[in-house]
Amino acid sequence: MIETKTDFVEIFQTIRASLQPYAVMGFDNRVNSEQEYDLWSNKNVVIEGKKRNEVFFASVLIQKGHVGFHFMPVYEQQQPDPKLQFDPGLLKLLKGKSCFHIKKLDAELLSKIEDALAEGFRIYKEKSWV
Numbered sequence: 170m171i172e173t174k175t176d177f178v179e180i181f182q183t184i185r186a187s188l189q190p191y192a193v194m195g196f197d198n199r200v201n202s203e204q205e206y207d208l209w210s211n212k213n214v215v216i217e218g219k220k221r222n223e224v225f226f227a228s229v230l231i232q233k234g235h236v237g238f239h240f241m242p243v244y245e246q247q248q249p250d251p252k253l254q255f256d257p258g259l260l261k262l263l264k265g266k267s268c269f270h271i272k273k274l275d276a277e278l279l280s281k282i283e284d285a286l287a288e289g290f291r292i293y294k295e296k297s298w299v
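Take the position in the sequence shown, starting the count at 1, then add 169; the result is the number in the working numbering.
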């Protein structure tokens, strides 16, 4: 069990460690630095009638007042027929359409993030986006 982390570098590194296994499951990362890490699918897909040759999945980056966890599958939940159900404790950190502002991280929140990643990956696989 991890203790509550408030240092943004530690929070970033912990979330990045949860994202990294997905880099070998069909996603590529374009940015992998000490302050930002992201995952993209480079698959040719059609989303809402538009052809795309890439689909963003998730990223984590250190901001001035928080660690940003950008998670595109959460946007899917905001559509008329939600496919994803995210934990209300995680959703209270959502600012905008797909960015979570994280200022402290404990084992419970990390577990919610990891559950969301697994569910998002499942949906991407189901839609053949990865």
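Where is the CB? At the ideal position from N, CA and C, for every residue including glycine.
| query | result |
| --- | --- |
| Using a Cβ-Cβ distance cut-off of 8 Å, determine whether residue 282 contacts chain E. | The structure shown contains no chain E; it holds only a single protein chain. |
| With a CB to CB cut of under 7 Å and the five nearest residues on each side skipped, what residues in its chain are close to residue 198? | 192, 206, 207, 208 |
| Does DSSP classify residue 199 as helix, strand or coil? | coil |
| Identify whether residue 262 lies in helix, strand or coil by the three-state DSSP scheme. | coil |
| Between residue 259 and residue 243, what straight-line distance do the alpha-carbon atoms span, to the nearest angstrom? | 11 Å |
| By DSSP's criteria, residue 221 is part of a beta bridge. Which residues make up the other side? | 214 |
| Excluding sequence positions up to five away, which residues of its chain have a Cβ less than 8 Å from the Cβ of residue 196? | 208, 209, 210, 226, 299 |
| Put residue 172 into one of helix, strand or coil per three-state DSSP. | coil |
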